[in-house]
Amino acid sequence: MKTTLKLILWPLLTLFILSCNTNAEKDKTADTITTEKSQEKTGQAFIDDKSALPNALKLAMGSEDHTTLVAAVQAAEVENALVNVGPLTVFAPTNNAFEKIDQNTLNDLLKPENKSQLALILTNHVAPSNYPIEMLVKNAEKNRKLYMASGEYLEVTNVNGDLLVGGTKIVATVKVSNGWVHIVDDVILPKN
Amino acid sequence: MKTIKNIILVISTVGLIYSCGNNNGGKSGAMASNNAEKVYVAPGEHDEYYAFMSGGYSGNVTVYGLPSGRMFKEIPVFSQFPTSGYGYSEETKPMFNTSFGFVPWGDAHHPDISQTNGELDGRWLFINENNTPRIARISLTTFETEEIIEIPNSAGNHASSFVTENTEYIVAGTRFAVPNPQKDMPISDMKGEFKGPLTFIAIDDEGHMKIDFQLNMPGFNYDLAHPGRNKSHGWFFFTSYNTEEANTLLEVNASQNDKDYVVAVNWKMLSEYVANGGGEKVAGTYAHNVYNEKTHSATSTMMEGVISIDPRKVEGAVYYIPIPKSPHGIDVDPSGEYIVGSGKLSTDLSIYSFTKIQQAIANKDFEGDAYGIPVLNYENTLTGVVTQAGLGPLHTEFDGRGNAYTTFFISSEVVKWKLETWEVLDRLPTYYSVGHLMIPGGNSRTPDAKYMVAMNKITKDRYLPTGPELEHSAQLYDITSDKMELIYDFPTHGEPHYAAGIAASKIKDNVKKYYDLEDNDHPYVAKSESETKVVRNGNEVHVYMTMIRSHFAPDNIEGIKVGDKVYFHITNLEQDFDVPHGFAMIGANTAELLIMPGQTKTSTWEPKREGVWPFYCTDFCSALHQEMQGYVRVSAKNSNTELKWSLDEE
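Here the protein sequences line up with chains A and B, keeping their order. Under my numbering, the letters of the first sequence match residues 3 to 194, in that order. Under my numbering, the letters of the second sequence match residues 1428 to 2077, in that order.
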């Protein structure tokens, strides 16, 4: 399992270095005009940690199934919340999950004026806790809710061996450096 | 489920465009040079503020200057400090005495400066110890720890050591509910059985601490506190979490309740209750350790018993107020009207009104009760909510201009917002994962709000790497204009849980420069070289020694035997600022001593081998420092070597 991960990470790292170089070039030319702007893209999200595993944000950024999620995270500017020391548990909706939402609604959400609404939806997928699968199974058994960063609770249920969070099924799980990412096939909209 | 566990996401080769953006958080060009000017304190000039930063697990306090970020001193408090011999010298060992015996280390948390009429007065700094519950008082004239009091019947003294506005009381809390009195019982029977005493320590005019009473609260985890001030003076507010009373896997089981509680305590009422004979004397053994500046020595007294108050028995004194999501910080604005609670798992801040709290109490507007303590109506005590301000709010400070500043741990930022409108005005990232923040006087009626310091838990790439272990980072923000501006970044020592800042002018002219030799009442002092001597008492040998530039008196000692216990009582005869001398003896199983002018300190040495053994001054005191040395001749246990001592063969 470890070797698989490492194999996957290698191309990532290479690309990472490449993109660093291009950015450095860009920075040079833009040096004189980047005062305000540069501050926005700072924080933990932008450090190369050299940790054994990628963090939740880097994992999502590296996944072709999560390009909509990444776009949404960037539009809402909540990158730093996904790279925090956490621990975090992220329920990451796939592109397919986002496609189930009415496209006009989705496009509206991605507009700058709807940033806080989008942030609320995204934080409804993040729990400020450590929930590996075993813990979620236990939570379902013990009827313990998950408290999400949005301020809402999600219920965990075990339906014939399928684990459902907020009514949506977990289809895959990845350990990340700051917690766990569970892939889900629906966007979990806040109740309020 | 197993298959699910093993599935790994296919990671594509989408570029990590954002992975290496600008990471320095600063600004370039003209702005940056302006910032450099703001923090530049020219050689020989003094900083405008002192900042006393908690050293966290170092057990100590560090003293910094603001805006320069220069560290001036580490004040040893709860941890032995070989640099000066604190906790190793005979005089300071009693400072570490507790009901558990000698405890050489502590986890220092929240420093707070004494106040008069709601303003910082610069007399003392108090700081709490979380692990073996204690509170220390540091003199701000000598910058030395003068007193440590243990808190009995308690565990995890985190909600501490905040000072009321005339330094009437400081408080101690119980973060880890425990049986009270302690007893052997199953952990799983915790619910309803454990207690969370809140301790009120009265401060007298000399700063001395005395446990006045303990409020025996239900066994929740009492986390942080702040006194009311101005209009809410006379009240104290605490946060509590784990109202679930879980005893295992708290990260899950203590996050089940939608709301936990703020505790509002009318301490004036309780103080009168106790003064009139209220409360019950219960068991509780604790050490009270006091350092005397005249004898340069500490004494430790074991105390027995405290007055315990059942909160249900004093009507009108203790209330719970619901607060969302495992609250951490509770902060009171300079007017005393607004009490800001930070649910650390929430995205919102809850602001309560003191006026509304009083109304709810008058109207008996209760939602119910918890273990017989009335719970005030949440909606009717709340006056505002700062919504979706960030993720993981922890602590708030105020600028006295109607603004508040809150740290958000998870989203790693400081958010500036406006009191009364509750609107977010500005936000800036911190580097990284900020815990506390500090504005000088931010915890008083009159904040001195030029700078704000953010204290971060995570350092990562801020400085040159130093292996896996990094010092924590602090960031200095200029908060004089509408927008906060990050102007400087410096490492701190240990883990700074909070800091206390004060205008340097309130302290620097009162600082002691040396101890008057005439006032030295140490039992083993030698006030001149003519008073030096060596006295044998069985196998104990007491050396009355002096030091001055650049020799010890005596510097030759003979007649010491293997198996003796030698006490070097050393007095620094200098009477000038900044002329300490050090003392070190080869093979001594203790630390060096650093002795200030006019001071006496004692080091012990148990020679194990015959021979002639040197001692020397460790502090480069003078041009002839290298000559400042001496010898002790050690003879066999049964030898007849005569006890004698000399300086220059006299």
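Beta carbons are placed, not taken as given, at the ideal position from N, Cα and C, and that holds for glycine. In this text the structure is predicted, and so the values were computed from the model without any measurement.
Within chain B, no residue has its beta carbon less than 7 Å from that of residue 181 of chain A; the closest one is some 11 Å off. Taking C-alpha positions only, residue 1501 of chain B is separated from residue 118 of chain A by approximately 44 Å. The secondary-structure analysis by DSSP pairs residue 1902 of chain B across a beta bridge with B/1881 and B/1916. If you keep only unbroken beta strand (DSSP E) runs of at least 3 residues inside the region 1592–1647 of chain B, you get 1596–1599, 1621–1630 and 1636–1645. Proximity to residue 1814 of chain B across B/1904, B/1773 and B/2037 peaks at B/1773, based on C-alpha coordinates. The Cβ neighbour count for residue 1768 of chain B, taken over all protein chains shown within 10 Å, is at least 16; the residue is labelled buried. CA-CA distance, residue 1748 of chain B to residue 63 of chain A, rounds to 43 Å. With a threshold of 9 Å between beta carbons, residue 90 of chain A makes contact with chain B. Per DSSP, the unbroken alpha helix (DSSP H) holding residue 97 of chain A starts and ends at 97–101.
Chain B places a beta carbon closer than 9 Å to that of residue 82 of chain A, counting this residue as a contact. The alpha-carbon of residue 110 of chain A is positioned some 55 Å away from that of residue 1742 of chain B. Counting other Cβ atoms within 10 Å of its Cβ, residue 1609 of chain B stays below 16 and is therefore classed as exposed. Between the C-alpha atoms of residue 2001 of chain B and residue 1935 of chain B there is a straight-line separation of about 22 Å.
Straight-line spacing of the CA atoms in residue 2032 of chain B and residue 1728 of chain B works out to 26 Å. For residue 168 of chain A, no Cβ of chain B is located within less than 9 Å of the residue's own Cβ.
Residues of the same chain with a CB within less than 6 Å of the CB of residue 135 of chain A, apart from the 5 flanking positions on each side, are 175 in chain order. In the three-state reduction of the DSSP assignment, residue 1483 of chain B falls in the helix class.
Sequence-distant partners of residue 1882 of chain B (beyond 5 residues in either direction) whose C-beta falls short of 6 Å from its own C-beta, in its chain, are 1862, 1863, 1901 and 1923. Per DSSP, the continuous beta strand (DSSP E) segment holding residue 1975 of chain B begins and ends at 1967–1975. With a threshold of 9 Å between beta carbons, residue 158 of chain A makes no contact with chain B.
Per DSSP, residue 1523 of chain B lies in no alpha helix (DSSP H) and is assigned neither H nor E. In the DSSP assignment, residue 1468 of chain B is bridged to no other residue. Pairwise C-beta distances place the region 1484–1500 of chain B in contact with the region 1463–1472 of chain B, as three or more of them are shorter than 8 Å. Residue 1733 of chain B sits close to residue 1626 of chain B, with the two beta carbons spaced by under 9 Å. Chain-ordered, the chain B residues with CB closer than 7 Å to the CB of residue 122 of chain A read 1815. Using beta-carbon distances, residue 70 of chain A does not count as an interface residue toward chain B, since no partner is under 9 Å. With a threshold of 9 Å between beta carbons, residue 1465 of chain B makes no contact with chain A. Counting only runs of 3+ residues, the beta strand (DSSP E) found wholly inside the region 1700–1785 of chain B occupies 1707–1719, 1724–1736, 1745–1751, 1754–1759, 1765–1770 and 1776–1780, in chain order.
At a beta-carbon threshold of 8 Å, none of the residues of chain B lie near residue 57 of chain A; the nearest stands roughly 11 Å away. Sequence-ordered contacts of the region 1746–1769 of chain B with chain A read 1751, 1752 and 1753 [C-beta pairs closer than 9 Å]. With a threshold of 16 other beta carbon atoms within 10 Å, residue 1644 of chain B meets it and is buried.
Contacts with chain B at 9 Å (Cβ-Cβ) include residue 130 of chain A. From the listed residues B/1878, B/1822, B/1827 and B/1667, the smallest Cα separation to residue 1860 of chain B is found for B/1822. Taking a cut-off of 8 Å for Cβ pairs, the region 1966–1984 of chain B and the region 2042–2054 of chain B touch, as three or more such pairs fall below it.
Annotated three-state conformation of residue 66 of chain A is helix, per DSSP. Just so you know, the alpha carbons of residue 1587 of chain B and residue 1472 of chain B end up roughly 35 Å apart.
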